[in-house]
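Engineer: Per the numbering used here: the sequence shown = residues 145 to 292.
Each residue gets a CB set at the ideal place from its N, CA and C atoms; glycine is no exception.
I am attaching a structure below and will ask some questions about it afterwards.
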Amino acid sequence: MGVEISAVPKNGKRELIITANGLVDLFPAVRKLAANAPKMEKWIVKPFKQRMKKVRIKMSSGIDTSSDDLYFKIDSKKEKRLNISVYMKGYEKIPSNRRREILYQLLDGILGEEDVETYLGAIEDSDKKDDSYINSDRLIEEVDKLKK
Numbered sequence: 145m146g147v148e149i150s151a152v153p154k155n156g157k158r159e160l161i162i163t164a165n166g167l168v169d170l171f172p173a174v175r176k177l178a179a180n181a182p183k184m185e186k187w188i189v190k191p192f193k194q195r196m197k198k199v200r201i202k203m204s205s206g207i208d209t210s211s212d213d214l215y216f217k218i219d220s221k222k223e224k225r226l227n228i229s230v231y232m233k234g235y236e237k238i239p240s241n242r243r244r245e246i247l248y249q250l251l252d253g254i255l256g257e258e259d260v261e262t263y264l265g266a267i268e269d270s271d272k273k274d275d276s277y278i279n280s281d282r283l284i285e286e287v288d289k290l291k292k
């Protein structure tokens, strides 16, 4: 479990995000902690990493990627979960020991942490992209359909 703090205050309030860091077993504790957080004048406490309009990861090591660099292919739908293949532009430039971590950081920003763990099943890497791949906006639409 961890926390993230927004860099820029929204409406004069900062957001404190309580995250399970993708560990589904911690989801009940995250929900409970956020629900029971004290009301604070300059803070908004939220459970789970939230969806963002655009996600960008830029590191001192030279890694620079964003949600615009990801494309998705829905391989199958099983029991309200999507099995997907992911093509990331520039993937080969990212050290192999960091690829999954960066992919999940981007997915958490695109869909939100709770939706990644709830509505995505198998996530496979792809080194090629064809016309069957969709952008992150379309992936959000597909995940939101599963919620209904």
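Locate the beta strand (DSSP E) running through A266, then write down its first and last residues.
Structural biologist: 264-270 is the extent of the beta strand (DSSP E) around A266.
Engineer: Ends of the alpha helix (DSSP H) at Y277?
Structural biologist: No alpha helix (DSSP H) holds Y277; DSSP gives it neither H nor E.
Engineer: Below 6 angstroms CB to CB, which residues in the same chain sit around K217 once its five sequence neighbours on both sides are set aside?
Structural biologist: So the qualifying residues of the chain are S229, S276, Y277.
Engineer: Looking at the strands, I want to know which residues DSSP matches up with L214.
Structural biologist: Answer by DSSP bridge pairing, in chain order: M232.
Engineer: Note down the Cα distance separating L160 from E148, rounded to an integer number of angstroms.
Structural biologist: Taking the straight line joining both Cα atoms gives about 6 angstroms.
Engineer: At the level of alpha carbons, what is the spacing between Y215 and R158?
Structural biologist: C-alpha separation (whole angstroms): 31 angstroms.
Engineer: Report all residues from its chain with a CB closer than 7 angstroms to the CB of E286; omit the five preceding and five following residues, and keep chain order.
Structural biologist: If we look at E286 and ignore the five residues flanking it on each side, its Cβ neighbours are I218, L226.
Engineer: So who's on the other strand from V147, going by DSSP bridges?
Structural biologist: Note: V147 sits in a beta bridge opposite I162.
Engineer: Are at least three pairs of beta-carbons, each pair with one atom in the segment 163-182 and one in the segment 257-266, less than 8 angstroms apart?
Structural biologist: Yes, since at least three Cβ pairs between the segment 163-182 and the segment 257-266 fall closer than 8 angstroms, the two stretches touch.
Engineer: According to the Cβ coordinates, are V174 and M145 closer than 8 angstroms?
Structural biologist: Taking 8 angstroms as the Cβ cut-off, V174 and M145 qualify as a contacting pair.
Engineer: With C-beta atoms as the reference, is V199 less than 8 angstroms away from I162?
Structural biologist: Cβ distance not < 8 angstroms, so V199 and I162 don't count as in contact.
Engineer: Counting C-beta neighbours from all protein chains within 10 Å, is the total for S280 16 or more, i.e. buried, or is it exposed?
Structural biologist: By the neighbour-count rule (16 or more Cβ atoms within 10 Å), S280 is buried.
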